[in-house]
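Right, one structure below, let's go through it.
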Amino acid sequence: MDLETLLAPYTLPSGVVLRDRLVMAPMVAQGSDPATGHVTDEDVAYFARRSRVAGTIITAAAFVERAGRGFERQISISDDSDVTGLHRLASAITSDGARAIVQLYHGGREAHPAAAELGRAVAPSTIEFPWLPYVPQEMTEAEIRATITAFGEATRRAIEAGFDGVEIHGANHYLLQQFFSTFSNHRTDAWGGDLERRMAFPLAVVDEVQRVAATAGRPFVVGYRLCADEVHGETVGYTVEDTAVLADRLAARGVDYVHVSLFTGYTTAPEGSERSHGQILRDVVAGRCPLIIVSEVFTQHDAVRALEHGDLVAIGRAALVEPEFAAKLAAGRADEVATTVKGRKDDVVLPAGLVEWYRTTGKGLLPPLEGIDELEG
Ligand SMILES: Cc1cc2nc3c(=O)[nH]c(=O)nc-3n(C[C@H](O)[C@H](O)[C@H](O)COP(=O)(O)O)c2cc1C
Numbered sequence: 309m310d311l312e313t314l315l316a317p318y319t320l321p322s323g324v325v326l327r328d329r330l331v332m333a334p335m336v337a338q339g340s341d342p343a344t345g346h347v348t349d350e351d352v353a354y355f356a357r358r359s360r361v362a363g364t365i366i367t368a369a370a371f372v373e374r375a376g377r378g379f380e381r382q383i384s385i386s387d388d389s390d391v392t393g394l395h396r397l398a399s400a401i402t403s404d405g406a407r408a409i410v411q412l413y414h415g416g417r418e419a420h421p422a423a424a425e426l427g428r429a430v431a432p433s434t435i436e437f438p439w440l441p442y443v444p445q446e447m448t449e450a451e452i453r454a455t456i457t458a459f460g461e462a463t464r465r466a467i468e469a470g471f472d473g474v475e476i477h478g479a480n481h482y483l484l485q486q487f488f489s490t491f492s493n494h495r496t497d498a499w500g501g502d503l504e505r506r507m508a509f510p511l512a513v514v515d516e517v518q519r520v521a522a523t524a525g526r527p528f529v530v531g532y533r534l535c536a537d538e539v540h541g542e543t544v545g546y547t548v549e550d551t552a553v554l555a556d557r558l559a560a561r562g563v564d565y566v567h568v569s570l571f572t573g574y575t576t577a578p579e580g581s582e583r584s585h586g587q588i589l590r591d592v593v594a595g596r597c598p599l600i601i602v603s604e605v606f607t608q609h610d611a612v613r614a615l616e617h618g619d620l621v622a623i624g625r626a627a628l629v630e631p632e633f634a635a636k637l638a639a640g641r642a643d644e645v646a647t648t649v650k651g652r653k654d655d656v657v658l659p660a661g662l663v664e665w666y667r668t669t670g671k672g673l674l675p676p677l678e679g680i681d682e683l684e685g
């Protein structure tokens with residue numbers, strides 16, 4: 309693989325054409341109105357500055373219903389009043405020809421602000437977790453159905469707002485992954501038990517989102533983000549073999565991409581395996597849809613190398629540090645790609661809430677961002 313491949317257009321299964329194989333990874337930007345989740349001027353400025361960062365830009369996770377709100381200043385896509393702001397966001401992202409994808413999110417047990425607001429957080433099962441200040445409550449059948457519908461309604465709003473597609477957030481220990489994992493799903497009904505039943509909720513969400521996407525009247529992207537495995541020492545929620553079955557089902561359903569979420573580098577492999585998570589899952593989807601790889605891609609060299617592990621390459625922190633990542637590569641200016649935000653406040657245009665998050669509660673939780681403590685300039 310080479311730079312030419314990285315920068316050449318790519319056509320997704322739905323027919324949507326991407327300018328290149330670079331993708332801005334979804335990242336909560338902490339810029340939205342804390343009460344409503346409406347898009348603010350800060351959100352718009354942050355994404356407008358990044359309209360040339362990659363051919364495809366995935367927004368911050370947006371909550372599909374208030375019970376799923378996981379971050380204080382998170383974007384809402386849960387109410388029709390959100391559409392006007394979301395339209396501004398989509399327009400800012402697409403102003404230079406990038407594709408705009410909104411990530412659809414439900415925090416489940418991890419929805420701390422929702423728990424504070426509504427008095428409870430929901431989860432597949434009522435289980436006490438040592439790191440949570442509350443015990444999340446098992447979702448009823450009616451709640452499960454309502455949440456599936458909420459993902460569909462969010463998709464309708466994404467269409468109305470002018471997005472090119474949606475990404476279903478099935479990763480990072482949030483609600484969909486909680487259903488997929490034996491660690492957090494102890495149900496004995498149709499939504500829990502063997503692998504087939506643990507996949508039922510995530511796949512029902514996919515079906516509903518695809519059903520609504522088909523009404524868009526234009527090619528509309530539906531992607532799915534997942535964690536390759538959930539292995540924490542002795543505790544195994546699921547393995548990459550389980551994920552391979554899910555990825556196969558997703559590809560068979562005709563999703564536009566499978567996006568593997570990683571925090572430990574794009575070459576990360578299951579213990580004892582010579583093949584990386586990306587390579588294993590790319591083999592599973594086998595050309596039916598692309599696999600997006602991510603993590604620790606900071607330079608042109610990294611991005612080209614990452615193509616050995618995925619068909620499309622997502623950049624997270626590099627997109628925070630270098631708002632013109634793809635544009636600089638395309639212009640032959642890879643040596644000018646910035647590596648720190650130090651002293652570049654006006655250039656990087658980060659929401660104040662994101663900077664504060666990095667310096668306070670996000671410390672140790674978020675992957676490190678070079679120069680964030682010396683941002684002013
Ligand atoms: C500030 C921040 C916010 C994030 N928010 C999200 C999110 O909303 N949804 C998601 O799926 N991943 C989220 N992530 C994970 C990134 O998408 C990405 O997988 C991770 O940062 C690794 O890529 P990188 O090494 O290029 O930063 C977030 C990461 C960061 C740094």
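Residue numbering for the sequence shown follows the working numbering, beginning at 309 and increasing consecutively. Cβ coordinates follow ideal geometry from the N, Cα and C atoms, glycine included.
Could you tell me the distance, in whole angstroms, from the CA atom of T344 to the CA atom of G405? 29 angstroms
When every heavy atom of ligand 1 is checked, does at least one fall within less than 6 angstroms of the C-beta of E604? yes
Evaluate L330 with the Cβ neighbour count: other Cβ atoms within 10 Å of its Cβ, from every protein chain shown; 16 or more gives buried, anything less gives exposed. buried
Under the rule that 16 or more other beta-carbon atoms within 10 Å means buried, what is R667, buried or exposed? exposed
Any contact between the segment 408-427 and the segment 472-480? By contact I mean 3 or more CB pairs, one from each, below 8 angstroms. yes
R506 versus I680, R557, A368 and T402, residue with shortest Cα-Cα distance: R557
Nearest-angstrom beta carbon gap, R464 and V520 [assumed within contact, 8 angstroms]: 5 angstroms
For ligand 1, is there a heavy atom less than 6 angstroms away from the beta-carbon of S489? no
According to DSSP, simplified to helix, strand and coil, what is R329? coil
By the three-class DSSP mapping on this structure, what secondary structure does I452 have? helix
Quick test of your reading: E644 and K653, contact by CB under 8 angstroms. State the CB separation rounded to the nearest angstrom. Actually they do not touch by this definition, with Cβ atoms about 19 angstroms apart.
Leaving out five residues before and five after F528 in sequence, what residues of the same chain have Cβ atoms less than 6 angstroms from its Cβ? G473 and A521
Hey, out of L314, T523, P334 and P675, whose CA is closest to R327's CA? L314
Going straight from the alpha carbon of V513 to that of G651, what length do you get? 43 angstroms
Can you list, in chain order, the stretches of the beta strand (DSSP E) that have 3 or more residues and sit fully within the segment 354-401? 364-371
Are three or more beta carbon pairs between the segment 346-354 and the segment 668-681 nearer than 8 angstroms? no
Quick check: what's the CA-CA separation for I401 versus L620? 19 angstroms
Neighbourhood of A622 by C-beta distance below 6 angstroms, restricted to the same chain and skipping five residues each side: V331, A333, I600 and V602
Close-in-space but distant-in-sequence residues of the same chain around T572 (CB under 7 angstroms, 5 per side omitted): S603
E475, DSSP secondary structure in three states: strand
Residue closest to L677, alpha-carbon to alpha-carbon, out of A611, G525, V372 and V605: V605
Cβ atoms of P444 and P380: under 7 angstroms apart, would you say? The displayed chain sequence assigns Glu, not Pro, to residue 380. No. Outside cutoff.
Pick out whichever of A316, G323, I366 and F471 has its Cα sitting closest to the Cα of A337. I366
What's the call for H609, buried or exposed, on a 16-neighbour Cβ count within 10 Å? exposed
By a C-beta neighbour count over all protein chains shown, 10 Å radius and 16 as the cutoff for buried, is D388 buried or exposed? exposed
Quick one: give me the first and last residue of the beta strand (DSSP E) that I680 is part of. I680 -> no beta strand (DSSP E), and no H or E assigned at all.
Check the DSSP bridge columns for E411 and list the partner residues they point to. Here residue 411 turns out to be Gln, not Glu, going by the sequence shown. DSSP lists A369 and E475 as partners of Q411.
Is H395 near A454, with beta carbons less than 7 angstroms apart? no
I need the DSSP call for Y666, collapsed to helix, strand or coil. helix
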